[in-house]
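Shown next, in structure tokens, is the structure this report addresses.
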Amino acid sequence: MTFIKKTLASSIAIAATAAMATTAQAEISDGEVRIGYLADMSGTYRDLAGPGGLEALQMAVEDFGGSVDGAPIEVFSADDSNSADVGANTVREWVDQRNVDLVAGMVASSVTIAVTKVLEDNDGFGIVSGSAASSITNEHCTPNHIHWVYDTYPLANGTARAVVEQGGDTWFMLTADYAFGHALEGDVTKVVEENGGEVIGGVRHPFPTNDFSSYILQAQGSGAEIIGLANAGADTVNAINTASQFGVVEAGQQLAGLLVFLNDVHAMGLETTQGLLLTTGWYWNMDDQAREWAERYYERVGSMPTMVQAGIYSSTMHYLQAVEATGSDDTQTVREYMMKQPIHDFFARNGRIREDGRMVHDMYLARVKSPEESTHEWDLYEILTSIPAEEAYRPLAESQCDLVQN
Amino acid sequence: MATTQTLTPSMKRERRANLRRNAFYLALIVIGLVAPFAAYPVFLMKMLCFALFACAFNLLLGYAGLLSFGHAAFLATGGYVTGYLLSSYPTLTPELGILVGTAAAVLLGAVFGALSIRRQGIYFAMVTLALAQLVFFFYIQVPFTGGEDGLHGVPRGHLFGVIDLNNSLAMYYFVFAVFLFGFALIQRTVHSPFGQVLKAIRENEPRAVSLGYNVEAYKLVAFILSAGLAGLAGSTKTIVFQLASLTDAHWHMSGEVILMTLLGGVGTLFGPVLGAGMVVGLQHLLSQSPLGNWVSPILGLIFVVCVLSFRSGIVGEAIKMYRKNFK
Amino acid sequence: MTMIFGVPLAVFMGQLLLGLINGAFYALLSLGLAVIFGLLKIVNFAHGAMYMLGAFTTLLGMQYLGINYWAALLLTPVVVGLGGMLIERVLLRRIAHLDHLYGLLLTFGLALIFEGSLINFFGVSGARYPTPEIFQGGFQLGFMFLPKYRAWVLLAAIVVCFATWFIIERTRLGAYLRAGTENPSLMQAFGVNVPLLVTLTYGFGVALAAFAGVLAAPLYPVSPTMGSNLLIVVFAVVVIGGMGSILGAVVTGLAMGLIEGLTKVYYPEAANTVIFLVMILVLLLRPAGLFGKEA
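Residue numbers (numbering that gives the first Met the number 0), protein chains in the order written: chain A, 0 to 405; chain B, 0 to 326; chain C, 0 to 294.
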């Protein structure tokens with residue numbers, strides 16, 4: 000008898016707690032916040048986001064306490080292998096089968112565009128941290144994603160304008176011969192001409208290209224002051240390396256890298272990259288707040304974070320705070336709240352999310368240090384100026400996004 | 000019936016074997032029909048598309064003895080052409096899109112085939128690889144493929160203007176039907192006189208020549224048929240996933256389809272289906288596990304193990320074992 | 000200024016020279032493929048991976064063991080070549096009696112393993128290997144600035160190609176090798192250790208690829224994927240030249256480098272594809288390849 004009474008009593012107690020718990024989390028779907036991290040874990044963009052980005056995401060979850068209002072946060076990840084169909088399928092399955100609440104990471108633009116289409120069809124939610132294409136919040140914008148860290152517009156814009164202002168009037172464009180390169184070339188040409196400079200020549204190289212010597216020779220022959228690199232990833236790295244071998248900088252020409260990241264500079268070394276001007280969304284050593292977070296990251300991963308990895312932490316935090324504040328993981332509820340809240344953390348300054356899904360924040364013009372200036376392995380950039388958030392990104396007036404009323 | 004009584008024992012055996020085979024196929028069809036209620040349909044569709052791709056490849060390697068290292072080009076061509084047509088002309092029905100995509104792959108196959116069958120064996124493999132790489136670079140540069148970004152949001156549309164393919168079950172059964180069509184076509188080809196000649200060429204080309212067969216013409220037809228079916232797989236895949244990307248054109252894809260066929264069993268009808276299922280399933284499992292970064296080395300390892308000690312593939316080894324123990 | 004088809008002579012000359020340097024890599028790699036093909040009759044799909052391993056061995060040797068460039072130039076081909084011999088002994092030998100396509104597939108699998116594993120350890124950004132001290136800077140040739148290191152690459156590649164040709168065509172070892180290519184069982188009957196010859200040949204072919212890798216290390220970022228795309232181009236080169244002759248492989252390699260170099264000036268958009276287009280042309284006009292005899 001006593002046994003039955005006891006069990007009965009305890010089961011009532013359990014039921015009561017369970018009932019309380021469910022009412023408290025009434026709006027968090029199935030009592031869990033599920034975050035799927037999708038990125039290139041093994042290919043070209045591995046070092047930009049990759050496993051380090053997942054670590055940053057997990058740091059955010061841990062710092063948040065591992066749960067929202069008692070609803071545990073579950074993190075899972077997948078390698079998209081830079082393949083749009085692998086990425087889209089994975090996310091489709093996450094939505095259909097695992098009820099994913101947030102898809103984070105996302106690097107290769109082709110994957111991102113495919114994934115955001117899937118999210119739009121299924122009312123999912125994604126925060127894009129790694130992709131470069133500005134079209135993600137322009138012609139490809141959806142109400143189901145936010146683009147966090149950077150895109151090509153401020154990168155090209157910021158660098159080109161700064162270079163022309165410093166007196167680099169004549170440009171030679173080294174352009175990757177595919178849609179992305181053409182778009183970048185167009186953006187840069189516009190900015191250069193608006194600021195009184197001139198593009199006096201250019202060459203379109205196949206994508207990808209292994210040997211840049213021929214193109215560098217053509218750039219040298221052009222007599223332009225600035226060689227603009229409208230390419231990305233391995234192509235940019237290769238072009239910069241080759242330029243260094245051919246003594247381009249010593250001969251008085253300067254390189255402007257439009258899509259150069261911390262991991263690229265680190266890989267190429269300062270000997271090769273010194274003096275390169277670039278625009279970045281964040282740099283680990285830019286102030287105390289950034290440094291403090293970066294050092295924690297460094298302890299876990301063994302390398303300094305790129306802006307993308309930092310952005311993954313920042314965006315995940317912002318998302319979790321929104322879930323906590325609204326008590327819901329419904330896409331539109333959370334997105335609306337996120338858009339109302341300004342973003343001010345170790346990563347973003349003067350950040351806000353625009354209606355096209357673009358998170359605009361201050362960007363920075365940086366110069367790569369010379370080996371003599373650098374004090375240790377990761378001491379790579381000197382921040383020259385900051386570019387205010389509202390100037391850095393493509394103005395909404397030029398937007399082709401359906402969410403923007405023009 | 001009178002005829003039944005006059006059957007010789009060997010004919011009886013053959014008839015029994017046929018019966019067993021038909022029962023096997025029937026069972027597979029039934030499994031295919033109920034599968035979407037047990038497993039995730041999108042995943043099943045992916046498997047079917049790759050199974051068709053592998054079967055098409057196997058027609059060439061398994062029955063004509065030609066190792067093509069460039070089949071990704073046909074998969075991608077089917078996908079891009081279909082994707083481009085359906086995105087640009089929304090009134091077009093999906094079956095027309097697939098038809099044109101497949102036709103494009105057939106044309107490309109004719110060009111590839113005409114060039115590559117001039118060389119044999121290892122050279123054939125290298126020529127097809129180089130041609131496919133040419134196609135890959137072409138697809139990066141031309142605007143209609145969307146370059147690196149690929150084509151996105153391809154509408155699934157209404158089959159014959161009637162059946163809404165946005166319904167995932169309807170989509171599944173359509174893909175299943177396409178797969179059955181391709182599989183049946185290959186089965187018929189292999190067992191036809193044409194298929195017998197192909198096998199003869201594979202076994203001993205000089206003898207086939209001396210018997211008066213136009214060997215090059217046979218090889219070319221086999222190549223074109225294989226390319227067309229690979230294109231059909233690519234076209235269908237584009238409609239399922241609503242996108243077409245450079246991944247399909249990359250040489251890794253050509254390598255993967257070889258692995259699927261090798262693992263399942265070269266020259267067996269069902270082997271490539273099984274192999275495709277296993278490779279796709281494995282990639283799927285690995286991509287979401289801690290071993291996610293190791294997909295490519297693991298596939299490489301399977302390659303090596305297959306070549307060293309498992310050359311007949313799973314189905315091939317199973318058939319061998321069956322013959323040894325039950326005959 | 001003298002113009003050649005609308006391009007100043009100086010630029011034209013510069014591009015020819017650069018094309019020749021790229022051609023040197025094609026020549027070294029297709030030479031190795033041809034040597035291996037001669038005796039083993041397989042196409043070594045792992046050749047690109049061996050080139051990559053050559054560059055990585057050089058880089059890691061410097062980082063962890065302090066081995067300098069000159070030592071690496073000697074040691075790396077030996078180390079990677081020994082690895083190649085191991086592969087031949089343990090793996091390739093088991094399938095030597097089968098259709099040669101299996102050799103292609105096996106080496107393809109190996110390439111995937113090497114490339115994929117290294118990506119997991121070193122990423123794909125590519126590390127930089129410093130240009131050796133004495134090759135810093137360059138020559139002002141009047142029509143162009145030629146980095147000293149590139150001049151060295153061209154010289155070293157041509158010397159090695161010539162030495163290989165000499166060994167195979169003019170020495171006793173080379174005579175065995177050629178005889179083994181023609182009729183291995185007869186050679187065995189004459190008391191030549193053919194299996195050993197096969198192992199050494201594969202090792203030597205791989206060593207040539209590794210040597211190219213050492214030469215490439217200071218030029219291009221050292222990354223796990225550096226070999227695979229290059230290899231497909233080299234395959235096209237091999238189809239164009241045919242693998243029948245050593246000299247043919249070298250000449251075709253250099254010539255394709257030149258053609259590619261000129262394309263980069265006149266129609267850069269096609270620079271990646273021009274070698275494949277030449278291959279198509281050769282297949283149409285002379286299916287056996289420029290120097291080839293049909294196998």
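Ideal Cβ placement from N, Cα and C applies to all residues, glycine included. For clarity, every value in this text was computed on a predicted model and none was experimentally measured.
Review point. Tell me the DSSP bridge mates of L364 (chain A)?
Key: Taking the first residue of the first sequence as position 1, residue 364 (chain A) is located at position 365. For L364 (chain A), which the question treats as bridged, DSSP gives the partners A:T278, A:T384.
Review point. Taking a cut of 9 Å between CB atoms, which residues from the region 224-241 of chain A lie near chain C?
Key: G232, A233, V236, N237, N240, T241
**Study point:** Simplified DSSP state of S311 (chain B), which is helix, strand or coil
**Key:** What you label residue 311 (chain B) is simply residue 312 of the second sequence in a count that begins at 1. Three-state result, S311 (chain B): coil.
Practice item. List the residues of chain B that E268 (chain C) touches, going by C-beta distances under 8 Å, in chain order. Key: Reading the third sequence from its first residue, position 269 is the one you call residue 268 (chain C). Correct list: Q140.
Exercise for review: From the DSSP output, in three-state form, read off L210 (chain B) for me.
Suggested key: Taking the first residue of the second sequence as 1, we reach residue 210 (chain B) at position 211. Here L210 (chain B) sits in coil by DSSP.
Check your understanding: Which residue or residues does DSSP assign as beta-bridge partners of S66 (chain A)?
Key -> Sequence index remark: in the first sequence, residue 66 (chain A) carries index 67 (1-based). DSSP lists A:P71 as partners of S66 (chain A).
Practice item. At 7 Å on the CB atoms, spell out the chain C contacts of N292 (chain B), in chain order. Key: One-based indexing of the second sequence puts residue 292 (chain B) at position 293. Per Cβ cutoff of 7 Å: N119.
Check your understanding: Of all Cβ atoms in chain A, is any one closer than 8 Å to the Cβ of M2 (chain C)?
Key -> By 1-based counting over the third sequence, the position of residue 2 (chain C) is 3. Answer no: the Cβ-Cβ gap between M2 (chain C) and chain A never drops below 8 Å.
**Study point:** Proximal chain B residues relative to Y101 (chain C), where beta-carbon distance stays under 8 Å
**Key:** Sequence index remark: in the third sequence, residue 101 (chain C) carries index 102 (1-based). Going along chain B in sequence order, the residues near Y101 (chain C) (Cβ under 8 Å) are V306, R310.
Exercise for review: Quick one: which unbroken beta strand (DSSP E) runs of 3-plus residues sit fully inside the region 106-156 of chain A? Chain order, please.
Suggested key: 125-127, 144-146
Check your understanding: Is it right to say R353 (chain A) is buried, meaning 16 or more other beta carbons lie within 10 angstroms of its own, or is it exposed?
Key -> Locating residue 353 (chain A) in the first sequence gives position 354, counting from the first residue. Buried, because 16 or more other Cβ atoms sit within 10 Å of the Cβ of R353 (chain A).
Check your understanding: DSSP state of Q253 (chain A), grouped into three classes?
Key -> For the purposes of this step, residue 253 (chain A) is taken as the residue at position 254 of the first sequence. Residue state, collapsed to three classes: strand.
Practice item. For I28 (chain B), go through chain C and note every residue whose CB falls closer than 7 Å to its CB, in chain order. Key: Taking the second sequence and counting its residues from 1, one reaches residue 28 (chain B) at position 29. Near I28 (chain B) there are no residues of chain C at all, since even the closest Cβ is about 32 Å away, more than 7 Å.
Practice item. Give me the Cα-Cα distance between A20 (chain A) and M44 (chain B), rounded to the nearest whole angstrom. Key: In the first sequence, counting from the first residue as 1, residue 20 (chain A) sits at position 21. In the second sequence, counting from the first residue as 1, residue 44 (chain B) sits at position 45. Because A20 (chain A) carries a pLDDT of 43, less than 50, the predicted location of this residue cannot be relied on, and the following value inherits that uncertainty. When rounded, the distance between both Cα atoms is 40 Å.
Check your understanding: For P153 (chain A), which residues in chain C fall below 9 Å Cβ to Cβ?
Key -> Along the first sequence, read from residue 1 onward, the residue named residue 153 (chain A) stands at position 154. Residues of chain C passing the Cβ test: none, with the nearest at roughly 23 Å.
Check your understanding: So with Cβ pairs under 8 Å, would you call Q132 (chain B) a contact of chain A?
Key -> For this step, residue 132 (chain B) is matched to residue 133 along the second sequence. For Q132 (chain B), the answer is no, since every Cβ of chain A falls outside 8 Å of its Cβ.
Practice item. Measure the alpha-carbon distance for V197 (chain C) versus A124 (chain B) and round it to whole angstroms. Key: Position 198 of the third sequence, counting from 1, holds the residue named residue 197 (chain C). Position 125 of the second sequence, counting from 1, holds the residue named residue 124 (chain B). Rounded to the nearest angstrom, the two C-alpha atoms are 23 Å apart.
Practice item. Counting only the same chain and skipping the five closest in sequence on each side, list residues whose C-beta sits under 8 Å from that of L185 (chain C). Key: Position 186 of the third sequence holds residue 185 (chain C). If we look at L185 (chain C) and ignore the five residues flanking it on each side, its Cβ neighbours are A178.
Exercise for review: Flag this pair as yes or no: are the beta carbons of T208 (chain A) and N237 (chain A) separated by less than 8 Å?
Suggested key: Position 209 of the first sequence, counted from the start, is the residue given in the question as residue 208 (chain A). Position 238 of the first sequence, counted from the start, is the residue given in the question as residue 237 (chain A). Yes; because the gap between Cβ atoms is below 8 Å, this pair is in contact.
Check your understanding: At least one CB of chain A closer than 8 Å to the CB of F49 (chain B): is that the case?
Key -> As a working note, residue 49 (chain B) is residue 50 in the second sequence. No, F49 (chain B) lies away from the interface with chain A (no Cβ there is under 8 Å from its Cβ).
Practice item. On the DSSP bridge assignment, give the partners of R290 (chain A) in chain order. Key: On the first sequence, position 291 is the one that residue 290 (chain A) refers to. R290 (chain A) pairs with nothing; no bridge assigned.
Review point. If contact means a Cβ-Cβ distance below 7 Å, which residues of the region 377-401 of chain A contact chain B?
Key: none
Review point. What residues of chain C sit near M277 (chain B), judged by a beta carbon separation below 9 Å?
Key: Translated into positions along the second sequence, residue 277 (chain B) becomes position 278. What M277 (chain B) touches in chain C: nothing, since even the nearest Cβ is about 16 Å away.
Check your understanding: Got a sec: is the Cβ-Cβ distance from T246 (chain B) to anything in chain A below 8 Å?
Key -> Here residue 246 (chain B) refers to the residue found at position 247 when the second sequence is read from its first residue. For T246 (chain B), the answer is yes, since a Cβ of chain A falls inside 8 Å of its Cβ.
Check your understanding: Does DSSP classify M0 (chain A) as helix, strand or coil?
Key -> Residue mapping note: residue 0 (chain A) aligns to position 1 of the first sequence, counting from 1. Residue placement at M0 (chain A) is flagged as unreliable, the pLDDT there being 41, under the threshold of 50; a coordinate-derived value is accordingly withheld.
Point to revise | Member of B:G31, B:F52, B:N57 whose CA lies at the smallest distance from the CA of K198 (chain B) | key: Here residue 198 (chain B) corresponds to residue number 199 of the second sequence, with the count starting at 1. Here the closest residue by C-alpha is B:N57.
Check your understanding: Near T141 (chain A), which residues of its chain fall below 6 Å by C-beta distance, leaving aside the five closest residues on each side in sequence?
Key -> Along the first sequence, one-based indexing puts residue 141 (chain A) at 142. Correct list, in chain order: T115, E119.
**Study point:** Check whether F346 (chain A) and I139 (chain B) have beta carbons under 8 Å apart
**Key:** Residue numbering aside, residue 346 (chain A) sits at position 347 when the first sequence is read from its first letter. Residue numbering aside, residue 139 (chain B) sits at position 140 when the second sequence is read from its first letter. For F346 (chain A) and I139 (chain B), no; Cβs fall outside 8 Å.
Exercise for review: Name, in chain order, the residues that DSSP records as bridge partners for E197 (chain A).
Suggested key: As a first step, residue 197 (chain A) must be located in the first sequence, where it is residue number 198. A:T169, per the DSSP bridge assignment.
Exercise for review: Kindly give me the distance between the Cβ atoms of L51 (chain B) and A221 (chain B), rounded to whole angstroms, as I take these residues to be in contact under 8 Å.
Suggested key: Stepping through the second sequence from its first residue, residue 51 (chain B) is reached at position 52. Stepping through the second sequence from its first residue, residue 221 (chain B) is reached at position 222. Actually they do not touch by this definition, with Cβ atoms about 16 Å apart.
Point to revise | Contact set for Q217 (chain A): own chain, Cβ-Cβ below 6 Å, skip 5 residues either direction | key: Counted from its first residue, the first sequence places residue 217 (chain A) at position 218. Cβ neighbours of Q217 (chain A) beyond the five flanking positions: V202.
Exercise for review: Under 6 Å Cβ to Cβ from S243 (chain A), same chain only, skipping five residues before and after it: list those, please.
Suggested key: One-based indexing of the first sequence puts residue 243 (chain A) at position 244. The residues are T271.
Exercise for review: Quick one: residues in its chain with C-beta nearer than 7 Å to the C-beta of Q399 (chain A), no 5 flanking neighbours on either side, listed in chain order?
Suggested key: Numbered from its first residue, the first sequence carries residue 399 (chain A) at position 400. The residues are N137, E138.
Exercise for review: Name the residue from A:S221, A:K368, A:S133, A:W377 whose alpha carbon lies nearest to the alpha carbon of L183 (chain A).
Suggested key: Taking the first sequence and counting its residues from 1, the one referred to as residue 183 (chain A) is at position 184. Here the closest residue by C-alpha is A:S133.
**Study point:** Nearest residue (CA-CA) to T130 (chain C), options C:Q14, C:M61, C:M242
**Key:** By 1-based counting over the third sequence, the position of residue 130 (chain C) is 131. The shortest C-alpha separation from T130 (chain C) is found at C:M61.
Check your understanding: Hey, does N21 (chain C) have any beta-carbon neighbour from chain A nearer than 8 Å?
Key -> Residue numbering aside, residue 21 (chain C) sits at position 22 when the third sequence is read from its first letter. Closer than 8 Å: yes.
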